[in-house]
Amino acid sequence: KPRQLLISRFFAPA
Amino acid sequence: ARLPRSAVLKKILDSVKDLVKETNWDCNEEGMSMQALDTGRIVLVEVMLREAAFESYACEVPMTLGIDMEPFGKVLRCAGGDEKVTIKASRNDQDHIELVFENEEKERMSAFELKLMDIDGEHMAVPDAEWGAEISMPSSEFKKIVMDLAEIGSDLTIAVSKLGVTFTAQGNNCKGSMVLQPSTAVDKKSEQVAISFTEPLEMTFAAPYMKMITKAAALSSTVTLSLDEACPICVRYEMEDNAGHIKYYLAPKED
Chain A
708 KPRQLLISRF
718 FAPA
Chain B
11 ARLPRSAVLK
21 KILDSVKDLV
31 KETNWDCNEE
41 GMSMQALDTG
51 RIVLVEVMLR
61 EAAFESYACE
71 VPMTLGIDME
81 PFGKVLRCAG
91 GDEKVTIKAS
101 RNDQDHIELV
111 FENEEKERMS
121 AFELKLMDID
131 GEHMAVPDAE
141 WGAEISMPSS
151 EFKKIVMDLA
161 EIGSDLTIAV
171 SKLGVTFTAQ
181 GNNCKGSMVL
191 QPSTAVDKKS
201 EQVAISFTEP
211 LEMTFAAPYM
221 KMITKAAALS
231 STVTLSLDEA
241 CPICVRYEME
251 DNAGHIKYYL
261 APKED
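Now the structure itself:
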């Protein structure tokens, strides 16, 4: 079952 | 800020309410915008309502309005779709905003106050990626594909190749896939399917989240999907007349 990734893995806080 | 019809604001709220419970609306001379993560931190939603969306718009000082989407939705539901909406925020009294709904003949006017919240919203920096693939298509068609395949399985795979764009769902006891070719036959822009890609790619996303995203189809007749390997997909709905947009960045699932 593919694992769901989180947004924080791709976008950093501004 | 005065909108000629409340319908746009109602649709925007409907497009984000399943994902975002409370958010800061940043108001400046450019317009009103919001950026928020869903509670699962899997989708980043960005809404931009430009000055062009408003019948009149004035913002003397930039303000941030902390809004709880639930009561905001309740107040907005009191407005008729054709009623004019005026939103007022006072710099001296920043604990609430006023909303006034008027219908054309002005025989009816309703006024509401919405308490503002103190939300420490962290803004995320979205890098301007050059995308490996971009698909633009009718938003209603994308919505139907997503809604149908979400019934088949909880994982939605989107593959772009010279075959076109293939949407696939896999469940325990059934699997389905739909292939769309770039359409050259239809002349109406809003009916066309356009696909551009630099190299073939295939990514998997959570169908239930993509379903919530497709609710924004009410805002724009076309949707643009931008994909890049190992990157959240950007699902963008541009409102006409440069009124603004709503963008969803949905994080992928790892193979």
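So the sequences go chain by chain: A and B.
If you're matching positions, the first sequence starts at 708 in the numbering used here and goes up one per residue.
If you're matching positions, the second sequence starts at 11 in the numbering used here and goes up one per residue.
Note that CB positions come from ideal geometry on N, CA and C, so glycine has one too.
As the structure is a computational prediction, the values presented were derived from the model and not from experiment.
Our contact map puts residue i next to residue j with C-beta atoms below 8 Å; I'd like the distance itself, whole angstroms only.
i                 : j                 : result
Glu70 of chain B  : Leu13 of chain B  : In fact, because the Cβ distance is near 19 Å, the residues do not count as touching under 8 Å.
Ala63 of chain B  : Val95 of chain B  : About 11 Å separates the two Cβ atoms, so there is no contact after all.
Tyr259 of chain B : Val26 of chain B  : With 8 Å as the limit, Tyr259 of chain B and Val26 of chain B do not qualify as a contact, their Cβ atoms being about 13 Å apart.
Tyr203 of chain B : Pro192 of chain B : The sequence given here has Val at residue 203 of chain B, not Tyr. With 8 Å as the limit, Val203 of chain B and Pro192 of chain B qualify as a contact, their Cβ atoms being about 6 Å apart.
Glu32 of chain B  : Ile129 of chain B : 6 Å
Ala272 of chain B : Lys225 of chain B : Residue 272 of chain B is absent from the model: chain B starts at 11 and stops at 265.
Pro262 of chain B : Leu712 of chain A : 6 Å
Leu126 of chain B : Leu109 of chain B : The Cβ separation is near 12 Å, so there is no contact.
Glu201 of chain B : Pro148 of chain B : 6 Å
At 7 Å on the CB atoms, spell out the chain A contacts of residue i, in chain order.
i                 : result
Ile107 of chain B : Here the premise fails: no neighbours, minimum Cβ distance about 25 Å.
Asp165 of chain B : Pro709
Val136 of chain B : Phe718
Pro242 of chain B : Ile714, Phe717
Leu54 of chain B  : Ile714, Phe718
Can you list, in chain order, the residues of its chain whose CB lies under 6 Å from that of residue i, leaving out five sequence neighbours each side?
i                 : result
Val175 of chain B : Ile145, Leu190, Ile205
Glu248 of chain B : Ser230, His255
Met58 of chain B  : Ser43, Gly254, His255
Arg15 of chain B  : Asp92
Tyr67 of chain B  : Ala11, Glu61
Thr178 of chain B : Thr167, Ser187
Glu39 of chain B  : Cys69
At 9 Å on the CB atoms, spell out the chain A contacts of residue i, in chain order.
i                 : result
Arg51 of chain B  : Leu713, Ile714, Ser715
Lys263 of chain B : Lys708, Pro709, Arg710, Gln711, Leu712
Glu132 of chain B : Pro720, Ala721
Whose C-beta lies closer than 7 Å to the C-beta of residue i among residues of the same chain, with five residues either side of it excluded?
i                 : result
Leu23 of chain B  : Met79, Phe82, Gly83, Leu86
Val30 of chain B  : Ala46, Asp48, Val55, Met79
Gln180 of chain B : Gly163, Asp165
Asn113 of chain B : Gly90, Asp92, Glu93
Phe718 of chain A : none
Tyr219 of chain B : Ile52, Val53, Leu260
For residue i, name the three-state secondary structure that DSSP assigns.
i                 : result
Arg51 of chain B  : coil
Met277 of chain B : This structure does not reach residue 277 of chain B, given that chain B is present from 11 up to 265, and the question cannot be answered.
Met157 of chain B : helix
Asn252 of chain B : helix
Arg15 of chain B  : coil
Leu126 of chain B : coil
Asp105 of chain B : coil
Asp265 of chain B : coil
Using a Cβ-Cβ cut-off of 8 Å (strictly less than) and excluding sequence neighbours within five positions of residue i, which residues of its own chain qualify?
i                 : result
Lys20 of chain B  : Leu86, Arg87, Ala89, Gly91
Ser150 of chain B : Ala227, Ser231
Met157 of chain B : Lys221, Thr224
Met2 of chain B   : Residue 2 of chain B lies beyond the range of chain B shown here (11 to 265); nothing can be said about it.
Asn183 of chain B : none
Using a cut-off of 8 Å between C-beta atoms, extract the partners of residue i located in chain A.
i                 : result
Ala8 of chain B   : Outside the displayed range of chain B (11 to 265) lies residue 8 of chain B, so it cannot be described from this structure.
Leu47 of chain B  : Ile714
Leu126 of chain B : Residues of chain A passing the Cβ test: none, with the nearest at roughly 22 Å.
Tyr258 of chain B : Under the 8 Å cutoff, chain A gives no residues; its nearest Cβ is about 11 Å from Tyr258 of chain B.
Worksheet entry | Runs of beta strand (DSSP E) wholly within the stretch 66-92 of chain B (minimum 3 residues, chain order) | Entirely contained in the stretch 66-92 of chain B, the beta strand (DSSP E) runs reaching 3 residues are, in chain order, 73-78.
Worksheet entry | Every unbroken beta strand (DSSP E) inside the stretch 160-235 of chain B [3 residues or more] | If we require 3 residues or more, the beta strand (DSSP E) runs fully inside the stretch 160-235 of chain B come out as 165-171, 174-180, 185-190, 204-207, 211-216.
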